[in-house]
Structure formats: C-alpha cells, structure tokens
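**Student:** Heads up: the sequence lines are chains U and D, in that order. For the first sequence, the working numbering puts the final residue at 357, and the numbers step up evenly by one. For the second sequence, the working numbering puts the final residue at 198, and the numbers step up evenly by one.
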Amino acid sequence: MKKSICTRHSRAVMGAAALFVSAGGSVHASDTASQNVNLTVTEVNEISLGGATVPLTVGTLSAGTLTGTIGSTYSITTNSATSKKITAQLGGALTSGLTLSTSLQAPSTGVSPGSPVALSTTAVDVVNSIEPVSAAGLTITYTSTATVAVAAGVQAPVAVTYTIVNDS
Amino acid sequence: MISSSGLAPQEDGAGGWAARARTRRAFRRIASLLFFVTVSHAANLSVVPLSWNRSIGLSDLQFGAGTDFRSPVASDVVIAEMEISETGGANWSLRISRDSNAAPWPNGVIVEIKRSGGSGAGVINGGDGYQTLTDSAQELFSGTGDCNNVQILLRLDGVNVHTPPDFYSLQIRYEVLVTP
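See below:
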C-alpha cells in the first residue's frame with residue numbers, strides 16, 4: 190500500500206513533468222504588431238442615359254391628335270442608405286401645341302408610377318422608393334403629341350434632365 | 019482526508035519520507051526544465067505603417083452607372099513593410115489574425131493577406147498566396163533568422179451597393195512565434 194502511494198506520487202510527478210515537457214515544446218517566444226485597415230465607403234448615386242439624342246417623330250393620327258413614341262434606356266447605381274427617387278424635367282418650354290411624356294422602367298428596388306408622366310420645366314417624379322441597386326438597360330419610353338396647329342416639319346429640340354434625389 | 023485523486027498527504031513512515039525525497043528531486047528537474055524554456059529567443063517584429071486607409075466611391079464602379087463596385091475592389095496593394103529581427107537564427111512562424119475588439123466591419127467584406135519579397139540573412143518560406151483574415155490566428159509564412167523588407171499585400175473583396183456608406187475599421191494582428 191505504501192509502495193502504491195509512492196508509485197502514485199511518482200506517477201503524478203512524472204505526469205506533471207511530462208506535462209511541462211510537453212508544454213515546453215509548445216511554449217514559444219513571440220512578438221506582436223498591429224495595423225489598422227480603415228475603409229470608407231462613400232455614397233454613390235449615378236444615372237446615365239442610353240443615348241444623348243432621341244429622335245422622336247410625331248406623325249400618327251390618333252383620336253384627332255398626332256402622336257409619336259420612341260424608346261431609350263437608362264442605367265442606375267445607388268448604394269444610398271436613404272431611399273432615392275428619379276425626377277425628370279425639361280430644360281425649356283415645349284413649342285406650343287406639343288406635349289412630351291416619359292415612362293421609366295423601375296429597377297428591381299424601385300417603384301414606377303405605372304403610367305407616362307407629363308414633362309414640364311418643373312421636376313416630376315418618374316421612379317420612387319429606390320433602394321440600393323445597380324441596374325443597366327432599363328427602358329425609357331417617350332410619348333409626344335402635337336395638335337394640328339403645329340406646322341409639319343417643325344423640329345423642337347428639348348433637353349430632359351433626370352436626377353437622383355432623396356425620396357421624401 | 020483523502021482526496022478523490024488519491025494524492026492527499028499521508029504519514030506513512032520511512033518509506034513515505036523516501037518517496038517525498040524522490041518527489042522533491044523530480045520537482046527540481048522540472049524547475050530546471052522550465053528555466054530552460056523561458057530563456058528561448060524572443061524575436062522582434064516591426065510593421066509600418068500602423069494604418070492603411072482606403073476610400074471607395076464612384077471611381078470604383080466597374081463601368082459607371084448601372085454597374086456595381088469592382089470585385090475585388092483592391093488587389094495586390096502593399097499595406098505594410100515588415101521586419102523580423104533578433105531571432106538568433108531560430109525558426110519562426112508569422113501568424114495573422116483579425117483583432118476581434120476592433121470597430122464594426124461590413125458583412126461580406128473580405129480582407130485577404132499575402133506576402134511578397136523579403137531580404138536579409140534569414141530565409142522565408144510560403145505566404146505568396148492570399149489567405150483570408152479571420153479571428154483565428156493562422157500562419158501566413160515561416161522562416162529562419164532575421165528578415166526585412168517583407169511586403170504585406172492586401173486584397174479587399176465583397177464591397178457592393180448593399181454595403182452601407184460608412185466608415186469601417188479592423189485591426190490586423192501580426193505575431194512572430196519563435197520555435198525553440
């Protein structure tokens with residue numbers, strides 16, 4: 190029994206020794222250094238149009254009014270944490286007797302009014318509630334009408350400006 | 019009282035004293051061993067600069083409006099130069115980890131690290147492939163002896179339009195471990 194106890198002591202000691210020897214194999218001298226990686230993501234709200242010039246001919250008679258329609262495209266990228274919308278406005282007044290409307294396909298994270306929006310020199314909403322998205326080749330449809338008072342062959346260039354703003 | 023381990027002190031006569039003497043000798047050997055362990059080399063690690071800054075914005079879009087940010091948004095960017103010295107010619111391992119106490123970092127944005135270059139009297143092995151930085155320390159490269167002009171390169175991936183505009187920061191922890 191005494192020997193047994195002694196043996197247990199020895200085993201315990203040798204076990205501890207083995208533990209320390211084992212630890213000695215994994216104890217390493219070390220030195221450390223740290224470095225910060227700082228990342229700033231800025232807000233991006235970018236829209237571009239498929240064509241600089243869109244030729245729209247008004248010549249189809251419909252219900253007593255001459256109409257014309259043409260398509261174009263636009264692309265948009267926004268990473269804003271705030272909901273955005275697209276507004277459109279004319280750069281100048283249209284020739285008397287002419288109207289111009291636009292209809293934009295909304296990106297997957299936005300909402301379109303659902304029907305063409307008449308354009309004027311005052312900004313109007315053409316897509317609302319846009320959340321972060323990148324989308325290219327979205328359609329724009331322009332529709333113009335002319336009364337018979339507008340002389341045939343008249344060219345009436347007008348600029349349409351699309352802007353991304355906060356959706357309030 | 020007898021402990022559950024069976025190692026409680028017991029007065030057991032001459033045999034017990036002999037056993038205790040053997041025990042004391044064994045502990046002295048262990049103490050010597052521990053001393054030997056503690057005098058191993060402690061290498062010095064130097065990393066400059068202490069911070070690296072990057073701003074991501076409009077110029078980082080792949081092709082302007084209608085496209086997302088480039089992926090990766092940064093690659094093969096030298097973010098630090100490292101020197102490992104006072105190794106005493108010993109073998110060492112350079113480990114990297116992300117400091118979990120740092121500021122918030124956007125979900126899905128990955129930092130990858132690799133090594134380039136290195137000169138000096140020592141030898142460097144590995145580290146020439148990108149490794150994703152994680153909270154767990156992992157060996158980036160290893161070597162023997164003193165080395166300097168070791169470049170640390172970064173690749174940043176996973177930034178997209180769903181990454182909220184904000185300031186983010188993390189800390190890379192470098193550790194050189196000398197193996198006795």
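Quick reminder that beta carbons are idealized off the backbone N, C-alpha and C, glycines included.
(1) With 7 Å set as the bound, which would you pick, yes or no: does the beta-carbon of G126(D) sit closer than that to a beta-carbon of chain U?
(2) Give the C-beta separation of S223(U) and D117(D) to the nearest angstrom, bearing in mind that I take them to be a contact with Cβ-Cβ under 8 Å.
(3) Using DSSP with H/G/I as helix, E/B as strand and the rest coil, what is M19(D)?
(4) If you drop the 5 nearest sequence neighbours on each side, which residues of the same chain put their C-beta closer than 7 Å to that of P296(U)?
(5) Three or more beta-carbon pairs under 8 Å between the stretch 265–284 of chain U and the stretch 228–244 of chain U, yes or no?
(6) Between the stretch 147–157 of chain D and the stretch 72–84 of chain D, can you find at least three pairs of beta-carbon atoms closer than 8 Å?
(7) What three-state label does DSSP hand L245(U) in the structure shown?
(8) For my contact list, L195(D) and W70(D) are in at a C-beta cut-off of 8 Å; report their separation, rounded to the angstrom.
(9) With a cut-off of 7 Å, does the C-beta of S318(U) fall near any C-beta of chain D?
(10) Assuming V243(U) and T256(U) make a contact with CB atoms under 8 Å, what is their CB distance in whole Å?
(11) Assign F87(D) to buried or exposed, taking buried as 16 or more other Cβ atoms, counted over all protein chains shown, within 10 Å of its Cβ.
(12) Please report the distance separating the alpha-carbon of S160(D) from that of V315(U).
(13) Excluding sequence positions up to five away, which residues of its chain have a Cβ less than 7 Å from the Cβ of V141(D)?
(14) Is the stretch 178–186 of chain D touching the stretch 60–70 of chain D, taking contact as three or more C-beta pairs under 8 Å?
(15) Please say whether D175(D) and I128(D) have beta carbons closer to each other than 7 Å?
(16) Quick check on M203(U): buried or exposed, where buried means 16 or more other Cβ atoms within 10 Å of its Cβ?
(17) Anything in chain U within Cβ reach of V188(D), meaning under 9 Å, just list it in chain order.
(18) Taking R116(D) as part of the beta strand (DSSP E), name the residues at either end of that continuous run.
(19) Mind pulling the chain U residues with CB within less than 9 Å of F185(D)?
(20) Just by C-beta distance, which residues in the stretch 67–78 of chain D are closer than 9 Å to chain U?
(21) I'd like the list of long-range same chain contacts for G260(U), defined as Cβ closer than 8 Å, with 5 residues on each side in sequence excluded.
(22) Between the alpha carbons of S357(U) and Y351(U), how many angstroms are there, rounded?
(23) Shorter than 7 Å from the beta carbon of N268(U) to some beta carbon of chain D?
(24) Less than 7 Å between the C-beta atoms of S309(U) and L279(U), yes or no?
(25) Compare the Cα-Cα distances from T229(U) to each of S187(D), G106(D), E193(D), P198(D) and report the closest residue.
(26) Within 7 Å of any Cβ in chain U, is that where the Cβ of Y192(D) sits?
(27) How should G299(U) be labelled, buried or exposed, when 16 other C-beta atoms within 10 angstroms of its C-beta is the threshold for buried?
(28) Using C-beta distances below 6 Å, list every residue in its chain close to T258(U), excluding the 5 sequence neighbours before and after it, in chain order.
(29) Checking 7 Å against the spacing of the C-beta atoms, do E193(D) and S301(U) come in under that value?
(30) At a Cβ cut of 8 Å, what residues of the stretch 237–250 of chain U count as close to chain B, listed as they run along the chain?
(31) Give a yes or no on whether the C-beta atoms belonging to V168(D) and G136(D) are separated by under 7 Å.
(32) Which full runs of the beta strand (DSSP E) of 3+ residues lie inside the stretch 113–192 of chain D, going along the chain?
(33) Could you tell me how far apart the beta carbons of L172(D) and A83(D) are, in whole angstroms, since I believe they sit closer than 8 Å?
(34) Count the other C-beta atoms from every protein chain shown that fall within 10 angstroms of the C-beta of T249(U), then say buried if there are 16 or more, exposed otherwise.
(35) Under 8 Å Cβ-Cβ, which residues of chain U neighbour T150(D)?
(36) For A205(D), go through chain U and note every residue whose CB falls closer than 7 Å to its CB, in chain order.
**Tutor:** With the structure as the only source:
(1) no
(2) 7 Å
(3) Bear in mind that a pLDDT of 31 at M19(D), under 50, signals an unreliable position, so the number given afterwards is only what the model happens to contain. The answer is coil: DSSP assigns M19(D) none of H, G, I, E or B.
(4) I265, I319, V322, A324, L327
(5) yes
(6) no
(7) coil
(8) At roughly 24 Å, the Cβ-Cβ gap does not stay under 8 Å, so L195(D) and W70(D) are not in contact.
(9) no
(10) Actually they do not touch by this definition, with Cβ atoms about 15 Å apart.
(11) buried
(12) 60 Å
(13) G161, T162, G163
(14) no
(15) yes
(16) Any answer about M203(U) is weak, because its pLDDT of 40 lies below 50 and its placement is not dependable; what the coordinates show is given next. The residue is exposed, with fewer than 16 neighbouring Cβ atoms inside 10 Å.
(17) Before going on, a small fix: residue 188(D) reads as Leu here, not Val. Ordered by position in chain U, the residues that pass the 9 Å Cβ test against L188(D) are N225, V226, N227, L228.
(18) 109–116
(19) N227, L228, T229, V230
(20) P67, L68, S69, W70, N71, R72, S73, I74, G75, L76, D78
(21) T328, I329, T330, Y331
(22) 17 Å
(23) yes
(24) yes
(25) S187(D)
(26) yes
(27) buried
(28) T332
(29) no
(30) Of the protein chains in this structure, namely U and D, none is chain B.
(31) yes
(32) 128–137, 141–143, 156–162, 165–175
(33) In fact, because the Cβ distance is near 28 Å, the residues do not count as touching under 8 Å.
(34) exposed
(35) Near T150(D) there are no residues of chain U at all, since even the closest Cβ is about 13 Å away, more than 8 Å.
(36) Summary: the structure shown does not reach residue 205(D), with chain D confined to residues 19 through 198, and so no result is reported for it.
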